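See structure below.
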Ligand SMILES: [Zn+2]
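In the working numbering, the protein residues as written are 508 to 726.
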């Protein structure tokens, strides 16, 4: 509990740094279920879905050029009706957060903002508040789409770049996932056949060489 609450405190009292927020959020999404179980806090499944939902709407909106006419314009997009239903779900998760905005300190490029978690409440509620605030900040900064779930190991990670280039958390997961596809299996079989052929060839050459040497010694 100390580890969790200290992290939350640090997150609440420091001005927002997208990279640190991304780090915090992915750790929270990955460790939250086990940590919640250990501490008897439970785990709110609506949080990972919240992140998935926001990124899904972003993708639908970006596919045909971002709309500039508000939500009504989005409905006419392919998958737009689905997007507006997902937006409603996003709205309802956010409405459950008890947060108030705070202007922390002025800076040359504008004030540093901060969220304050409402009181009094349970640890669960304040974790939920911080998570929603983090997701909100990242979404507004255009940084939430870098928070992704690896389709192979299901771990959340921070992608280096926006755009779809990095789908997997690691090279390991990328190649493991590739090996399970049919073309991946085929190319792996091909690779193994070639590998075995070379090995046999090398072994044959080796014995030939040994025979020659033995024959030489015999002279
Ligand atoms: Zn992975």
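Where a beta carbon is used, it is the ideal one built from N, C-alpha and C, also for glycine.
Here the structure is a predicted model, which is why all the values come from computation and not from measurement.
Option in the options with minimal Cα separation from residue i
i: residue 644; options: 608, 538, 696; result: 608
i: residue 537; options: 633, 617, 657, 639; result: 657
i: residue 556; options: 629, 596, 666, 715; result: 596
i: residue 672; options: 652, 551, 689; result: 652
i: residue 629; options: 717, 714, 650, 547; result: 547
i: residue 665; options: 679, 678, 659, 650; result: 650
i: residue 624; options: 554, 549, 634; result: 634
i: residue 591; options: 616, 603, 565; result: 565
i: residue 586; options: 577, 571, 708, 709; result: 571
i: residue 663; options: 602, 549, 559, 714; result: 559
i: residue 598; options: 615, 578, 705; result: 578
i: residue 604; options: 589, 614, 636, 616; result: 636
i: residue 669; options: 689, 691, 646; result: 646
Spatial neighbours of residue i in its chain, beta-carbon cut-off 6 Å, leaving aside the 5 residues before and after
i: residue 562; result: 652
i: residue 600; result: 553, 557
i: residue 684; result: 659
i: residue 631; result: 548
i: residue 622; result: 606, 640
Classification of residue i by the beta-carbon crowding that lies within 10 angstroms, buried from 16 upward
i: residue 535; result: buried
i: residue 533; result: buried
i: residue 616; result: exposed
i: residue 733; result: What the structure shows of the chain is the stretch from 508 to 726, and residue 733 is not part of that stretch, so it cannot be assessed.
Contact belief for residue i with residue j at Cβ below 8 Å, rounded distance in angstroms
i: residue 641; j: residue 531; result: 6 Å
i: residue 639; j: residue 606; result: 7 Å
i: residue 529; j: residue 654; result: 6 Å
i: residue 686; j: residue 695; result: 6 Å
Contacting residues, own chain, Cβ-Cβ under 8 Å from residue i (five flanking each side not counted)
i: residue 574; result: 568, 580, 581, 584
Contacts around residue i, its chain only, beta-carbon distance under 7 Å, and the 5 residues preceding and following it disregarded
i: residue 660; result: 676, 680
i: residue 648; result: 525
i: residue 667; result: 673
i: residue 711; result: none
i: residue 593; result: 560, 563, 564
Please list, following the chain, all residues that have a C-beta closer than 6 Å to any non-hydrogen atom of ligand 1. 657, 659, 660, 662, 675, 676, 677, 680
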